[in-house]
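Numbering (this note's numbering), first residue to last: 267 to 430.
Worksheet: the structure to be examined is printed underneath.
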């Protein structure tokens with residue numbers, strides 16, 4: 267792991283809270299609030315200069331801009347939703363590019379697990395009764411915020427445990 271453990275530990279509580287908010291909102295309303303995207307980005311903008319050397323901080327922050335452009339293109343091609351694209355961009359600074367092999371494996375695993383969990387839980391009558399107004403139960407498309415939040419949280423957990 268290249269992401270520093272002390273930085274992951276400091277960022278994790280904020281990412282956890284915002285991730286839960288994003289996952290819940292996307293499952294209930296099929297929408298990732300812009301405020302959650304801004305909140306996640308603000309966490310990095312405010313804590314990053316304290317947690318990283320300035321050059322590293324700027325490099326990590328540049329991930330936001332690159333992913334925002336990439337996400338915008340994918341959204342224009344109707345490959346992903348606008349909220350998903352914005353949230354991925356806000357997640358970008360939280361990942362070390364050197365960890366890309368791990369990030370790919372983590373993303374694949376969590377995406378499959380989140381999809382299976384969501385599709386499985388919507389078949390459980392007790393869950394449907396407790397969350398009957400959730401829009402994601404009735405829609406064919408998948409609430410990616412559920413998976414994206416998991417990717418961010420699990421990456422920071424791994425960095426806390428395995429980081430330098």
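We put the CB at the ideal spot given by N, CA and C, even for glycine.
None of these values were measured; they are calculated from a predicted model.
Identity of the residue in the options nearest residue i by Cα
i	options	result
residue 405	293, 267, 423, 271	293
residue 279	430, 428, 415	415
residue 354	337, 380, 384, 322	337
residue 347	270, 401, 297	297
residue 384	407, 368, 369	407
residue 358	321, 417, 320	417
Inter-residue CB distance, residue i and residue j (contact presumed, cutoff 8 Å)
i	j	result
residue 376	residue 281	With 8 Å as the limit, residue 376 and residue 281 do not qualify as a contact, their Cβ atoms being about 14 Å apart.
residue 330	residue 356	7 Å
residue 267	residue 424	7 Å
residue 402	residue 409	4 Å
residue 283	residue 317	That belief does not hold up - the Cβ atoms of residue 283 and residue 317 are roughly 18 Å apart, past 8 Å.
Proximity test, residue i beta-carbon vs the ligand FAD heavy atom, cut-off 7 Å
i	result
residue 301	As presented, the structure is devoid of all ligands, the ligand FAD included, so that no description of it is given.
Residue interval of the alpha helix (DSSP H) (run including residue i)
i	result
residue 406	Looking at the DSSP string, residue 406 is not in any alpha helix (DSSP H), and its letter there is neither H nor E.
residue 367	366–387
residue 285	271–295
residue 326	320–342
residue 391	391–396
residue 350	348–357
residue 308	300–317
Environment of residue i [buried if 16+ CB atoms lie within 10 Å]
i	result
residue 272	exposed
residue 352	buried
residue 350	buried
Straight-line gap, residue i to residue j (C-alpha atoms, nearest Å)
i	j	result
residue 288	residue 295	10 Å
residue 422	residue 360	8 Å
residue 427	residue 411	24 Å
residue 386	residue 286	19 Å
residue 326	residue 310	9 Å
residue 371	residue 362	14 Å
residue 307	residue 381	26 Å
residue 260	residue 270	Outside the shown range of the chain, which is 267 to 430, sits residue 260, and nothing can be said about it.
residue 303	residue 333	13 Å
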